[in-house]
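Contents: one structure, followed by commentary.
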Amino acid sequence: MDTPVKKVKVGGIEAAVWENTSKEGNKYFTTSMERNYKDGEEWKKTNSLRSTDLPKAILALQKAFEFTMLKEE
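If you want it as structure tokens, here you go:
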């Protein structure tokens, strides 16, 4: 689980889709999300979202969901 199989970026919001394998050998996906922001000259990441980030997060998660559903077919 080193590299996501898909990244979706919408502004400073990034959703990453990871492919995993269960103990039984079944493949499944998980999704993580973070917000990138600049603090002075340094770029940082957080899992906290502002209210203005929510539409971007919704879009990123919808695209991640679409990717996982198409891969499972």
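Heads up, the sequence shown is in this note's numbering, so the first residue is 12 and it goes up one at a time.
Quick reminder that beta carbons are idealized off the backbone N, C-alpha and C, glycines included.
When the Cα atoms are used, residue 58 and residue 24 turn out to be separated by approximately 10 Å.
In the three-state DSSP reduction, residue 50 falls in the strand class (E or B). In chain order, 15, 18, 43 place their CB closer than 6 Å to the CB of residue 27, counting only its own chain and leaving out the 5 sequence neighbours on each side. CA-to-CA, the gap between residue 76 and residue 51 works out to about 34 Å. With contacts defined by Cβ atoms closer than 8 Å, residue 29 and residue 41 form a contacting pair.
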